Amino acid sequence: MSASSKSPWIVHYNCNSCNGCDIEFVACLTPMYDVERFGILHVGNPKHADILVVTGSVNHRDVRVLRNVYAQMPEPKVVVALGVCTSSGGIFADCYNIFGDVSKVIPVDVYVPACPPRPEAMIDGIVQALGILERKRAGEVMPSAAKPVLTLRPTAAAEAAPAAAQAAEQGNA
Amino acid sequence: MTLTPQMLTVILAVVLGPILGALVSGLDRKITARVQGRWGPPIIQPFYDVLKLLRKEALGVNRIQIIYVWLHLAFMILTVVLLAMGQDMLMALFAYTFSSVALILGAMSVRSPYSRIGSHRKIMQMFAYEPVLILLIVGVYLITGSFQASSVAQQPLLVKLPLVFLTFLMAAAIKLEKSPFDIATSHHAHQELVKGITIEYAGPYLALIEITHFYEIFIVFAVVASFWATSPAIGLGLAAAGFLALIVVDNVFARLTPMWMLRYMWTVPLTLALSNIIWLYCA
Numbered sequence: 001m002s003a004s005s006k007s008p009w010i011v012h013y014n015c016n017s018c019n020g021c022d023i024e025f026v027a028c029l030t031p032m033y034d035v036e037r038f039g040i041l042h043v044g045n046p047k048h049a050d051i052l053v054v055t056g057s058v059n060h061r062d063v064r065v066l067r068n069v070y071a072q073m074p075e076p077k078v079v080v081a082l083g084v085c086t087s088s089g090g091i092f093a094d095c096y097n098i099f100g101d102v103s104k105v106i107p108v109d110v111y112v113p114a115c116p117p118r119p120e121a122m123i124d125g126i127v128q129a130l131g132i133l134e135r136k137r138a139g140e141v142m143p144s145a146a147k148p149v150l151t152l153r154p155t156a157a158a159e160a161a162p163a164a165a166q167a168a169e170q171g172n173a
Numbered sequence: 174m175t176l177t178p179q180m181l182t183v184i185l186a187v188v189l190g191p192i193l194g195a196l197v198s199g200l201d202r203k204i205t206a207r208v209q210g211r212w213g214p215p216i217i218q219p220f221y222d223v224l225k226l227l228r229k230e231a232l233g234v235n236r237i238q239i240i241y242v243w244l245h246l247a248f249m250i251l252t253v254v255l256l257a258m259g260q261d262m263l264m265a266l267f268a269y270t271f272s273s274v275a276l277i278l279g280a281m282s283v284r285s286p287y288s289r290i291g292s293h294r295k296i297m298q299m300f301a302y303e304p305v306l307i308l309l310i311v312g313v314y315l316i317t318g319s320f321q322a323s324s325v326a327q328q329p330l331l332v333k334l335p336l337v338f339l340t341f342l343m344a345a346a347i348k349l350e351k352s353p354f355d356i357a358t359s360h361h362a363h364q365e366l367v368k369g370i371t372i373e374y375a376g377p378y379l380a381l382i383e384i385t386h387f388y389e390i391f392i393v394f395a396v397v398a399s400f401w402a403t404s405p406a407i408g409l410g411l412a413a414a415g416f417l418a419l420i421v422v423d424n425v426f427a428r429l430t431p432m433w434m435l436r437y438m439w440t441v442p443l444t445l446a447l448s449n450i451i452w453l454y455c456a
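Listed in order, the protein sequences are those of chains A and B.
Numbered per my numbering, the first sequence finishes at 173, counting up by one with no gaps.
Numbered per my numbering, the second sequence finishes at 456, counting up by one with no gaps.
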């Protein structure tokens, strides 16, 4: 751990979110979670930031702003996308105003899927981003993160697996 | 070339000044966090911040703002050198003021409205605290008969300048960007004004501003300690008490408007400082 991963400054951009993720994200700053103990600061200025936290699906008006915010951040920088909307468009995906997910506009390094993610999951995502930030600073070219898989309902295989395990247990007994 | 004790003092002040300033700043963040019921960052967090910023990409809007941010640092170091050498306090104040002016000019050289608003507010802050600093120097002159910074070591100034000491603490709250005066650029509410005067500085240039701020913290608390320069223990005690008082004030007050600050600083503290000076002059 070097100085850059001990002082990650975050700029938060809300694309088209329902504010659920934003409220949970701001909760990370409260005495309950207190992310400042890791040196994490929530700055309002992309020029001072190391990590861009994005919430919500991107709409047509956001595209330019999001690109601009990302471009203004000095290297090395990472992007953390919070919530399902950032990876798929979420519940808003089919709306007329939606451009798509965040990876259509800027490269995403860490996805934290859920609706909304718990503050613990968000902090975990940012800690993962710190590792990527460190490797980017060392000059490594990091691939964008794979999108989380969207499961609308448990698949037949997932449903069958616990049943099979139960049967095996009963057999042993 | 041999090192005279004076040169040694200057070198120590220039090298240790920002380190002490950074530690005080880290302590401030820790204590503030504990006051708010949080654990808070480690005390050496400001060092991590500056080291990180120095290694980031150097993004600048134009060349002028970069020249001015270097001047901001250079004149602050000059102030430390002048004070450590025991030179003329008026000259030190001039260098100190130009350091702030350089930051304002740098922030004015870009088109960002937030940067401009931050600069305007910084000018208001300078309007607010400069008379107090001048009166402090006048007070020292009335006691010691000299404008030399080395003259403060002769006797405890606090005995004769109690009201000026109080007003200097109020000026220090402005200098260190503490509530209710943290209007030009705030350490707490980054979303207001988007850090104001420092908005267009990124990476290493922001680190230069941070280092200058550490020098500034060092100067402010060195001046507080010099109110009892005959005994280092009492001087340090004064500095510690002033530091805690500033943190408490920072945490209990809301941020107020620039005009309120100007009205306040030109009435209550200025009257206090002036009555102290009049009393010194007549006594």
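Even glycine gets a Cβ: it sits at the ideal position worked out from N, Cα and C.
These numbers come from a predicted model, not from an experiment.
Among the residues of the stretch 110 to 143 of chain A, those with a Cβ less than 8 Å away from any Cβ of chain B are Arg-137, in the order of the chain. Only those residues of the stretch 15 to 49 of chain A whose C-beta falls short of 7 Å from the nearest C-beta of chain B are listed: Pro-31, Asp-34, Glu-36, Arg-37, Gly-39, His-42, Val-43, Gly-44, Asn-45, Lys-47, His-48.
Partner residues in the beta bridge of Ile-10 of chain A, as assigned by DSSP, are A:His-42, A:Ile-51. Taking 8 Å as the cut-off, the Cβ atoms of Ser-288 of chain B and Glu-373 of chain B count as close.
DSSP links Leu-82 of chain A through a beta bridge to A:Thr-55, A:Val-112. The distance from the Cβ of Phe-99 of chain A to that of Val-58 of chain A is about 5 Å, consistent with a contact at the 8 Å cut-off.
Separation of the CB atoms of Val-234 of chain B and Val-283 of chain B is rounded to 5 Å, and the pair is thereby assigned contact status at 8 Å. Within its own chain, the residues whose Cβ lies closer than 7 Å to the Cβ of Ala-346 of chain B, once the five positions on either side in sequence are excluded, are Phe-354, Leu-419, Val-422, listed in chain order. One thing to note: Leu-52 of chain A has its Cβ within 8 Å of the Cβ of Val-69 of chain A. Residue nearest to Ile-216 of chain B within the set A:Phe-25, A:Leu-29, A:Ser-7, A:Leu-66 is A:Ser-7 (criterion: CA-CA distance).
Membership of Gly-410 of chain B in the alpha helix (DSSP H) is indicated by the continuous run 405 to 425.
Under the criterion of beta carbons closer than 8 Å, Ile-123 of chain A and Val-26 of chain A do not qualify as touching, at roughly 13 Å. Contact of Lys-229 of chain B with chain A is assigned, a C-beta pair being separated by under 8 Å. Between the stretch 385 to 403 of chain B and the stretch 298 to 305 of chain B there are fewer than three inter-stretch CB-CB distances shorter than 8 Å, so the stretches are not counted as touching. Within the model, the alpha-carbon separation for Arg-236 of chain B versus Leu-445 of chain B is close to 43 Å. With contacts defined as CB atoms closer than 8 Å, Val-253 of chain B and Gly-194 of chain B fail to qualify as a contacting pair. Setting aside the 5 residues that flank it on each side, Gly-39 of chain A is surrounded in the same chain by Lys-6, Ser-7, each with a C-beta closer than 6 Å to its C-beta; the list follows chain order. Distance from the CA of Cys-95 of chain A to the CA of Trp-9 of chain A, rounded to the nearest whole angstrom, comes to 33 Å. By the CB criterion at 8 Å, Ala-275 of chain B and Gly-291 of chain B fall outside the cutoff. For Gln-321 of chain B, the secondary structure class from DSSP, reduced to helix, strand or coil, is strand. As the crow flies, the alpha-carbon of Ala-93 of chain A is around 24 Å from that of Val-78 of chain A. Between Asp-109 of chain A and Ile-126 of chain A, the C-beta gap is not smaller than 8 Å, which leaves the two residues out of contact. The DSSP-derived three-state label of Phe-300 of chain B is helix.
The shortest C-alpha to C-alpha distance from Pro-76 of chain A to any of A:Ala-146, A:Thr-86, A:Cys-115, A:Glu-134 is the one to A:Glu-134.
Comparing alpha-carbon positions, the option among A:Pro-74, A:Arg-137, A:Arg-61 lying closest to Ala-49 of chain A turns out to be A:Pro-74. Pairing Pro-335 of chain B with Leu-263 of chain B, the inter-Cα distance amounts to about 21 Å. At least 8 Å separates the beta-carbon of Ala-322 of chain B from that of Gln-238 of chain B. For the stretch 197 to 274 of chain B, the continuous alpha helix (DSSP H) assignments of 4+ residues that do not extend past its boundaries occur at 218 to 227, 236 to 257, in sequence order. Here Phe-99 of chain A carries a strand assignment [DSSP, helix/strand/coil].
The C-beta distance from Ala-380 of chain B to Leu-226 of chain B rounds to 4 Å, short enough to fall under 8 Å. Tyr-437 of chain B: member of the alpha helix (DSSP H) spanning 431 to 438, first to last residue. Apart from sequence neighbours up to five positions away, the residues of its chain that approach Asp-222 of chain B with a beta-carbon distance below 7 Å are Glu-383, ordered along the chain. Closest option to Tyr-454 of chain B, judged by alpha-carbon separation, among B:Leu-251, B:Ala-265, B:Val-313: B:Val-313.
With fewer than 16 other Cβ atoms inside 10 Å of its own Cβ, Thr-440 of chain B counts as exposed.
Contact check for Ala-257 of chain B against Ala-206 of chain B fails: the beta carbons are separated by 8 Å or more. Closest in C-alpha terms to Arg-118 of chain A, from the list A:Cys-18, A:Lys-136, A:Asp-22, A:Asn-14, comes A:Asp-22.
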